[in-house]
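Protein chains in written order, with my numbering: chain A, 1 to 376; chain B, 1 to 447. Let me begin by presenting the structure, written as C-alpha cells, before commenting on it.
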Amino acid sequence: MDRALVRVCWRHLFWVLWPVALLWSAAVVHAQADPNAACLACHGVPGREALLAGGERLPLYVDGEAYRLSVHGQKQLPCTACHTRIMGFPHDPLLAFDRRDYQLDHYGVCRNCHPEVYDATLDSMHARALAAGRREAAVCTDCHGAHDITDPHTPRQKISLTCSKCHAFIFEQYKESVHGAALLEESNPDVPTCVDCHGVHNIGDPTTAAFRLQSPEICGECHRNEALMSKYGISTAVFNTYVADFHGTTVTLFQRQHPDQPTNKAVCFDCHGIHNIKAVDDPEATVVKENLLETCRKCHPDADINFPASWTSHYIPDRNRYPLVYYVNLFYRIIIPGTIGFMLGFVVLDALRRLLLRIRRQQVVKQVQVEAGHHE
Amino acid sequence: MSEQPRQEYVRFSLTDRIEHFLLMTSFTVLVITGLPQKYVPAPWAEFLIGLMGGIETVRIIHRIAAIVLILESIFHGITVSYKLFVRRVSPSMLPTLQDFVDFLDALRYNLGLAKRRPQYDRYNFEEKIEYWAVIWGTVVMIITGFMLWNPITTTKFLPGSWIPAAKAAHGGEALLAFLAIIVWHVYNVHLKTFNRSMFTGKLSREEMLHEHPKELERIESGRIRPEPPREVIRRRERIFIPVAGSFALVSLLLMYFFVTYEETAIATVPTPVERAAVFVPATPVPTTEADMRLALSRGRAQLIPHAISPGRENCLACHGLGTLSPYTTIHANLRLGNETCLGCHPPMPGAAALPGNGEVPSFSAEILPILQRRCVVCHHRATPLDLTGYRAIMRGDGKGPLVIPGAASQSRLLTLGGLSVEVHPSQFTAEERARIGAWIDAGAPEN
Numbered sequence: 001m002d003r004a005l006v007r008v009c010w011r012h013l014f015w016v017l018w019p020v021a022l023l024w025s026a027a028v029v030h031a032q033a034d035p036n037a038a039c040l041a042c043h044g045v046p047g048r049e050a051l052l053a054g055g056e057r058l059p060l061y062v063d064g065e066a067y068r069l070s071v072h073g074q075k076q077l078p079c080t081a082c083h084t085r086i087m088g089f090p091h092d093p094l095l096a097f098d099r100r101d102y103q104l105d106h107y108g109v110c111r112n113c114h115p116e117v118y119d120a121t122l123d124s125m126h127a128r129a130l131a132a133g134r135r136e137a138a139v140c141t142d143c144h145g146a147h148d149i150t151d152p153h154t155p156r157q158k159i160s161l162t163c164s165k166c167h168a169f170i171f172e173q174y175k176e177s178v179h180g181a182a183l184l185e186e187s188n189p190d191v192p193t194c195v196d197c198h199g200v201h202n203i204g205d206p207t208t209a210a211f212r213l214q215s216p217e218i219c220g221e222c223h224r225n226e227a228l229m230s231k232y233g234i235s236t237a238v239f240n241t242y243v244a245d246f247h248g249t250t251v252t253l254f255q256r257q258h259p260d261q262p263t264n265k266a267v268c269f270d271c272h273g274i275h276n277i278k279a280v281d282d283p284e285a286t287v288v289k290e291n292l293l294e295t296c297r298k299c300h301p302d303a304d305i306n307f308p309a310s311w312t313s314h315y316i317p318d319r320n321r322y323p324l325v326y327y328v329n330l331f332y333r334i335i336i337p338g339t340i341g342f343m344l345g346f347v348v349l350d351a352l353r354r355l356l357l358r359i360r361r362q363q364v365v366k367q368v369q370v371e372a373g374h375h376e
Numbered sequence: 001m002s003e004q005p006r007q008e009y010v011r012f013s014l015t016d017r018i019e020h021f022l023l024m025t026s027f028t029v030l031v032i033t034g035l036p037q038k039y040v041p042a043p044w045a046e047f048l049i050g051l052m053g054g055i056e057t058v059r060i061i062h063r064i065a066a067i068v069l070i071l072e073s074i075f076h077g078i079t080v081s082y083k084l085f086v087r088r089v090s091p092s093m094l095p096t097l098q099d100f101v102d103f104l105d106a107l108r109y110n111l112g113l114a115k116r117r118p119q120y121d122r123y124n125f126e127e128k129i130e131y132w133a134v135i136w137g138t139v140v141m142i143i144t145g146f147m148l149w150n151p152i153t154t155t156k157f158l159p160g161s162w163i164p165a166a167k168a169a170h171g172g173e174a175l176l177a178f179l180a181i182i183v184w185h186v187y188n189v190h191l192k193t194f195n196r197s198m199f200t201g202k203l204s205r206e207e208m209l210h211e212h213p214k215e216l217e218r219i220e221s222g223r224i225r226p227e228p229p230r231e232v233i234r235r236r237e238r239i240f241i242p243v244a245g246s247f248a249l250v251s252l253l254l255m256y257f258f259v260t261y262e263e264t265a266i267a268t269v270p271t272p273v274e275r276a277a278v279f280v281p282a283t284p285v286p287t288t289e290a291d292m293r294l295a296l297s298r299g300r301a302q303l304i305p306h307a308i309s310p311g312r313e314n315c316l317a318c319h320g321l322g323t324l325s326p327y328t329t330i331h332a333n334l335r336l337g338n339e340t341c342l343g344c345h346p347p348m349p350g351a352a353a354l355p356g357n358g359e360v361p362s363f364s365a366e367i368l369p370i371l372q373r374r375c376v377v378c379h380h381r382a383t384p385l386d387l388t389g390y391r392a393i394m395r396g397d398g399k400g401p402l403v404i405p406g407a408a409s410q411s412r413l414l415t416l417g418g419l420s421v422e423v424h425p426s427q428f429t430a431e432e433r434a435r436i437g438a439w440i441d442a443g444a445p446e447n
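Now the structure itself:
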C-alpha cells in the first residue's frame, strides 16, 4: 500500500469516527447526568491550548477527576457556574492578552457566591497591590486554586504552604522557626500559621505603625492563654510582664491612645524575631543569653555587657531571680503600710482628741449659758 | 509690745517660701505625671496620661519637673549651709531626744492620759518627720531617677538588675511620699489648722502660743541667738560664696552631664530582625524553554540561590556562555550574560555565599591538573594551541591569548571549553569551570 492511500484511508476514517465520538460523548453525558461532561468532552483532553494575543498559551485542559473531588465538584456545580461567559458552542473568542489577563478577568465571579469574603479582600494588601498595577498580586484563585479547590486548611500546613507560593523567602524563615517547624513537621494545631497573625482575606499592611502597636496583642492571644501555654510549659506571665515594663507600657499606651503613631519602643518581634522566631532556649534565638546583648544593641547601640540584665526576662522577680528587685519591693511593701499606718494612727488620735475637746468646750459654753439664764 | 493683738512673728523668709513653692510645684507635677506611669494598666492612669497628651509628653513633663526639683535641692543645700555656716543659726531642724519625749507626750495627751499638750520649740517632731522624710525621699528619687534616666551609663558600673530595682524603689518611694503628703502634711497644716505661714511668712502671736510656745517664750525673753555683726557675716561670706559657688557649679554641671550625656536608644523605629523580600514567588525550576519564557513573562524567574560575593561577580565564569550550566536547555543559544542574568534573576536576599570564596585557586595545584586532564591530550606542544604550561596558555594561539586576566567571561579558555559536546568533545565540569573562572578573575596568577 502506498503512503498516499493510507493517508486517504485515515482521512475517511476520521470523518466517520468524529460524529461517532460526538454521539458517544453525548450518550455518556446523558447516562451520567454530569452537567460538565459536555465541557470535559473537549476540555478533558490533555494538551489542549489556546494561543493568546500576547503569545502565551492558555491551557484548556481541566482535570475532570480533580474537579470532581474539589469542593465545587462535590456540590456538582456546572462549569458555567463560574465560567459565566460561556453561552454555548462555539465559545466567544478569547480576548485576554495573556494568561494573567484571563485570570484577572475571571476571578470576580467568586463574588457571586462568596460576597463577604470577596469584599473583605478589597481591603487587603493584595487588592492594594493589584490596584497599584502589580498584576501578580494574589487574587482568589491564586490561593484557592480554580478547578481543584479543596478545603484551604486541611492539612493545616496547607495554609502556610499556600502563602509560600508567593512569599517563598519569608516561608523559608518561617519553616525554620519554632512555630513553622512545629506546623510543618507535626501539623501542630496550636502554632500560628501565616493567617493567624496576618489575617485571611483582609490581610493588612504589616509594616504600619498601627500593626506594630497591635502586634503584642496578636502574640498575646496565644501566649496569654493558660490552657494553651501549659501544654508547652510556657509562662503566661510574658504578656503582663511586658506591659508592666517600660517598652510594653509605652506600646500599650500608644496602641490605645495614638494607634497610628509610631513608637520606637520594642514590641515582641523586635527582640524575638518575626518569621524566624526561635524557642527561647534555642542557641540561635535572638533572646538567648549569648545573643541578647546584640539584640539590645539594635536599639541601644551603646549598651554594655551588664545592660541586658536590666530587663527581667519576663520573670516576676522572686528570691532566686532578681533578688534585689524582689527585696526592694518587699521593703516598700512593709515600709509603706508601716509608715502610713503610723501617720494615720497618730493623725486620727489627734483629730479625735481635738473633736472631743471642741465638744466639751461647747458643753461648757452651753452650761455657762444655762447657768447665766438661771441667774437671770 | 507683747500686749498688741496683731503681733506677728517671722517664721519663713522669702527664700524659704520660694523654696517651698518650687518644691510644692515640682512635687505635685512629679506625682501627677509619675504615679499614672506606675499604674499604667489601670483605667484612671491611662485617662490621666491621655489627658496630659500621651505617655511621651508625660515623660518629658516628668523630667522637666525632676530638673526643677534637683535644682531646688541644690539650692536648698546652699541656703541651709548659709544659715548654718554664715549666720550660724542653731540647727533647729536636727532631731533631738526631746522630740521623742514630745512624741510620747503628744500620744499620751491624745489618748487622754495627760492633761497638757507638749510645748514645742521652733520645729516640733511632726515638722521634723516631714522635713527628713522629704530629704530621704528626694535623695532616693534623684538617685533612682538618674539610674532610670541613664540605664546604659548605670550598667557600665552596676549590675543590670539594679535598673529594675531602681524602678521598684522609684515607684515605691513615690507612693510613700504621695501618701505621706496626703496624710501627714495635709492633716497637719491644712486640716488641723490652716497654717498660712508658708505663704505669708508669718505667724500670729496666738498661733505661736499654740504651736511653738517654747520658741515664743525664748523670743520674748530675749534668749535667742543674736544675728552676727555685718562685718563678721562679710568675712564668713568671703569663704562661703566661693565654696558654695563651686559646689553649685559642680552640681549643675553634673546634672547637665547626666541629663544630656546618654543617648539611651536610637530615635527611630528599630529595623526588623529580618529584612525580607516580600514577593518572592516559589516556582519549580523551569525545565523547558517555553517554561522559562513563561516564567520570564510573569516576572517569575528563579532567584540566584547564592550570594554574589567578591570574586564571583561574573556569572559566566562559572555557568558558562551559551549553555549556562546547569540550566542548559532553558538558556540554549541565549548568548547573554552577567547584567542580563541579573535582569531576570535577582540574587536571593540573605542567601549564603558559596564555599571557597575569596581564596585564589592555585595554578600549579589546581588549574594545571584540570587542563592536563581535559585539554592536553589534544592541545599539546605539537599543536597550534598549547595548553601544557602557564606561559603557553597565556601566549595562546594565532587568534590571541586564551586567558584575559580578570575577565573570565572573555577568556577563550572558558568560552571555547563551553562549546557544545558535538563541537568540542571534552568539557569542563561546572566545578572545574568555577575554579578556572575564579582563577582568571583573580588575575590569573602563576601561583
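Backbone N, C-alpha and C fix where the C-beta goes; we use that ideal spot for every residue, glycine too.
- Secondary structure within the stretch 183-231 of chain B: the beta strand (DSSP E) runs of 3 or more consecutive residues, fully enclosed, are 202-204 (chain order).
- Proximity to F89 (chain A) across A:C42, A:H72 and A:E284 peaks at A:C42, based on C-alpha coordinates.
- Only buried fits K175 (chain A), as 16 or more other CB atoms lie within 10 angstroms of its CB.
- Here the stretch 193-205 of chain B lies against the stretch 8-16 of chain B, with 3 or more beta-carbon pairs under 8 Å apart.
- Residues of the same chain with a CB within less than 6 Å of the CB of E127 (chain B), apart from the 5 flanking positions on each side, do not exist.
- With respect to the 8 Å criterion, I370 (chain B) and H345 (chain B) are not classified as neighbours on the basis of their beta carbons.
- For P226 (chain B), the closest of B:P159, B:G34, B:R88 and B:T96 by C-alpha to C-alpha distance is B:R88.
- Of all C-beta pairs linking the stretch 315-322 of chain A to the stretch 247-256 of chain A, fewer than three are shorter than 8 Å, placing the two stretches out of contact.
- The Cβ of A309 (chain A) sits closer than 8 Å to at least one Cβ of chain B.
- Within the stretch 151-169 of chain A, those residues whose Cβ lies closer than 8 Å to any Cβ of chain B are, in chain order, S164, K165, C166, H167, A168 and F169.
- Taking 8 Å as the CB threshold, F257 (chain B) stays off the interface with chain A.
- Taking C-beta separations shorter than 7 Å and ignoring five residues to either side along the sequence, the partners of P228 (chain B) in its chain run R87 and R88, following chain order.
- The CB of N306 (chain A) comes closer than 8 Å to the CB of T155, K156, L158, P159 and G160 in chain B, given here in chain order.
- With its beta carbon less than 8 Å from one in chain A, K192 (chain B) belongs to the interface.
- For I334 (chain A), there are no neighbours in chain B by C-beta distance under 8 Å, as the nearest C-beta there is about 10 Å away.
- Contacts with chain A (Cβ-Cβ distance below 7 Å) from the stretch 48-62 of chain B involve I49, G50, G54 and I55, listed in chain order.
- Neighbours of H106 (chain A) across chain B, judged by C-beta separation under 9 Å, do not exist; the nearest C-beta is about 17 Å away.
- According to DSSP, D397 (chain B) shares a beta bridge with B:G400.
- Closest by C-alpha distance to L104 (chain A), out of A:V347, A:A127 and A:Q173, is A:A127.
- If the five residues before and after I170 (chain A) are omitted, its C-beta is found closer than 6 Å to the C-beta atoms of H275, all from its own chain and listed in chain order.
- Residue contact with chain B for R256 (chain A): present (Cβ-Cβ distance below 8 Å to some residue of chain B).
- At a cut-off of 8 Å, the C-beta of P262 (chain A) has a neighbouring C-beta in chain B.
- Close CB contacts of H144 (chain A) within its chain, under the 7 Å cut and outside five residues either way in sequence, are with P152 (chain order).
- Residue environment: F21 (chain B) is assigned as exposed (fewer than 16 neighbouring CB atoms within 10 Å of its CB, all protein chains considered).
- Rounded to whole angstroms, the gap between the alpha carbons of G273 (chain A) and A430 (chain B) is 38 Å.
- When the alpha-carbon of Y242 (chain A) is set against those of A:P216, A:M229 and A:T263, the nearest one is in A:P216.
- At a C-beta separation below 7 Å, E263 (chain B) has these neighbours in chain A: D302.
- Secondary structure at Y102 (chain A): helix, using DSSP grouped into helix, strand and coil.
- A Cβ of chain A is located within less than 8 Å of the beta carbon of A180 (chain B).
- Contact between K167 (chain B) and L191 (chain B) does not hold, since their C-beta atoms are separated by about 33 Å, which reaches or exceeds 8 Å.
- With a 10 Å radius around the Cβ and a threshold of 16 neighbouring Cβ atoms, I436 (chain B) comes out buried.
- Under the Cβ criterion (8 Å, minimum of three pairs), the stretch 148-161 of chain B counts as touching the stretch 261-273 of chain B.
- For R433 (chain B), the enclosing alpha helix (DSSP H) starts and ends at A430 to D441.
- A266 (chain A) reaches chain B at P270, counting residues in chain order whose Cβ is nearer than 7 Å.
- Here the C-alpha atom of W132 (chain B) lies approximately 28 Å from the C-alpha atom of L158 (chain B).
- For Y174 (chain A), the uninterrupted alpha helix (DSSP H) run begins and ends at A168 to E176, by DSSP.
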